[in-house]
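Residues 1 to 204 in full-length UniProt numbering are what the sequence shown lists, from first letter to last.
Glycine included, every Cβ here is placed at the ideal spot set by N, Cα and C.
Nothing here was measured: the structure is a model prediction, and the numbers come from that model.
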Amino acid sequence: MAVDFGDPRSGFRHSEVVVFINEEVLSNGGGPDFYLTFRSRSWNEIEDGLKSVVSDSQVPRTIKRACAWSALALGVRVAARQRERQARRVRHLQEQVEQREEATWALASELERVREEREQVVLQLRRARDSLQQTLREQEELRGRLLQFELSQQVVSGSQDNNPRLRHSLNAQSAASRKEEAQKASLTGPGTLQEAEEVPAPSV
């Protein structure tokens with residue numbers, strides 16, 4: 001028997017087909033040798049092996065037919081193997097796509113979180129800027145009030161020193177005070193002082 005229907009890698013789905021191929025191989029004098037030799041090879045190697053058989057003039061035509069039927073069965077096996085590889089590749093690609101989709105969703109979520117954090121930081125910075133501007137305005141206002149107070153003090157002191165009328169008034173008041181003191185001194189002249197000195201002190 002060239003093809004084993006129980007082999008899941010044979011590529012055949014119907015037992016009737018497997019039976020017919022095996023009958024053709026056996027009826028032409030062939031056996032499982034060609035099939036077993038090339039069942040794990042690529043199609044190019046199978047075709048090269050079949051070519052060497054059919055090109056050999058010493059090989060009977062029936063054997064060539066048997067090898068051709070075995071090569072046909074091997075071609076189905078190769079196709080099944082290729083389908084299996086492609087299916088594995090497709091599954092692998094699907095897994096990669098799913099992983100990338102998950103990574104994309106994770107990145108999107110992270111990006112959204114970062115964006116929200118950025119908006120919060122921007123809002124805090126704006127509030128801090130507004131608070132700083134308010135503080136600077138209050139500072140400027142206080143500085144202006146302090147400057148006005150200092151200027152008012154300078155105006156008061158400067159008006160006393162530089163105002164001629166005020167200075168004349170102060171000088172006049174000083175002169176009047178000195179004149180009044182002189183008049184008081186004249187009332188208590190030297191005689192009075194001398195009499196006061198001649199009065200004997202009371203005896204104890």
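Next on the checklist: Among the candidates A79, G30 and E150, whose CA atom is the shortest distance from the CA of F12?
Outcome noted: A79
Next on the checklist: I want to know whether the region 19 to 30 touches the region 60 to 70 - three or more CB-CB distances under 8 Å.
Outcome noted: yes
Next on the checklist: By alpha-carbon positions, which one of R143, V25 and L74 ends up nearest to I46?
Outcome noted: L74
Checklist entry - Any idea what DSSP makes of D130, helix, strand or coil? => result helix
Checklist entry - Going by alpha carbons, who is nearest to R81 out of W43, Q58 and A108? => result W43
Item to check | Pairwise C-alpha distance: E112 and R145 | outcome: Roughly 49 Å separates the two Cα atoms.
Checklist entry - So, helix, strand or coil for N44, using DSSP? => result Three-state DSSP puts N44 in a helix.
Checklist entry - Can you list, in chain order, the residues of its chain whose CB lies under 7 Å from that of T62, leaving out five sequence neighbours each side? => result N28 and G29
Checklist entry - Can you give the beta carbon distance from A2 to V19, rounded, assuming they're within the 8 Å contact cut? => result That belief does not hold up - the Cβ atoms of A2 and V19 are roughly 11 Å apart, past 8 Å.
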